[in-house]
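The structure appears below as structure tokens.
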Amino acid sequence: MYKIFDTQDEVSRYTAERLAARIEAKPDAVLGLATGGTMEPVYARLVERLQQGPVDASRLTTFNLDEYVGLAPTHTQSYRHFMGQHLFDRLGLPGEKVHLPDGMAEDRDAACRAYSESIRALGGLDLQLLGIGTNGHIGFNEPHTRFSRRTHVTPLSAQTRRDNGRFFRDPSEVPTHAMTLGIRDILEAREIVLVATGAKKARIMAELYHSDPDEALPASALKQHPNVTIVLDREAAALLPG
Ligand code: GLP
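Counting in the working numbering, the sequence shown runs without a single skipped number right up to 310 at its last residue.
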């Protein structure tokens, strides 16, 4: 299902409302969370919404999609830092209830296995929030990642490193690898909300619209899922058929 709004602000408010509704219906929900510029206003609206009450977020558990390999949690561009700044600290979520892949783990394979297993042990994700890369990646599942994969370490494509270079002092500082939830884990979420805003997402959103499930376009895996909402602003929807 597509939801198309005029502005990014309306997209963010709608998405925040979807998350708040899920938390209201199930206060101990397990949420899959995303990072990236698209999510900053979404989390800002969600914090506002939850601070108004009466929804209680204190019993939530969260699992983020991904983390850079080799960035300490205190690094300002680590996704752990991003989440603290934009959501966790502002909601006062307890550290033991929020999870990100451990990009500093010595035994990365074991850390990847444990991450997928801990989601399943809690009964799976009630709702997975997703952004999308300009090359169609979800989480850091880059083009041609097998849809059957669970959490794994992946090299980042040149395009993804270029796109994310804007957040770093120098683009050469963008890590070369990341740890990401796999597409198989993502597809096990009961509900998925993918958000894309701005003109730079228009081309990939049109490709996704026309694509069958195809490992060359990771987000096309979502076509195999029965409960996906794609939330766009006018700019990101500009190349969809009218
Ligand atoms: C990063 C994240 C993705 C995110 C994507 C889009 O690479 N790993 O999870 O969806 O970027 O980011 P933005 O919202 O900044 O365009």
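Each residue gets a CB set at the ideal place from its N, CA and C atoms; glycine is no exception.
Excluding its 5 nearest sequence neighbours in each direction, VAL166 has C-beta neighbours in its own chain below 6 angstroms: THR130 and PHE156, listed in chain order. Neighbourhood of the ligand GLP, defined by CB distance below 6 angstroms to any of its heavy atoms: ALA102, THR103, GLY104, GLY105, THR106, LEU133, ASP134, GLY199, ILE200, GLY201, GLY207, PHE208, THR228 and ASN232, in chain order. Annotated three-state conformation of VAL137 is coil, per DSSP. DSSP places ASN295 outside both helix and strand once states are collapsed to three, so it counts as coil.
If you keep only unbroken alpha helix (DSSP H) runs of at least 4 residues inside the region 240 to 303, you get 251 to 255 and 270 to 278. Using a Cβ distance threshold of 9 angstroms, THR83 and VAL261 count as a contacting pair.
Beta-bridge annotation (DSSP): TYR70 is paired with ILE298. As summarised for the region 115 to 171, the continuous alpha helix (DSSP H) elements at least 4 residues long and confined to that stretch are 147 to 151, given in chain order.
Straight through space, the alpha carbons of VAL123 and THR265 are spaced by roughly 27 angstroms.
In chain order, VAL137, VAL221 and PRO223 place their CB closer than 6 angstroms to the CB of HIS245, counting only its own chain and leaving out the 5 sequence neighbours on each side. Counting of Cβ neighbours within 10 angstroms places ASP170 among the buried residues, the total reaching 16 or more.
In this structure, ALA257 places its C-beta atom within 9 angstroms of the C-beta atom of GLY100.
Beta-bridge partners assigned by DSSP to LEU197: VAL261. The beta carbon of ALA284 sits closer than 7 angstroms to those of PRO211 and HIS212, all from its chain and outside the five residues before and after it, given in chain order. Secondary structure of GLY104 (DSSP, three-state): coil.
It is roughly 10 angstroms from the alpha-carbon of TYR183 to the alpha-carbon of ASN132. If you look at THR222, you'll find it in the beta strand (DSSP E) that goes 220 to 223. Only exposed fits ALA93, as fewer than 16 other CB atoms lie within 10 angstroms of its CB. One alpha carbon belongs to ASN209, the other to VAL242, and they sit about 17 angstroms apart.
With respect to ARG218, ARG181 sits close: the two C-beta atoms are nearer than 9 angstroms.
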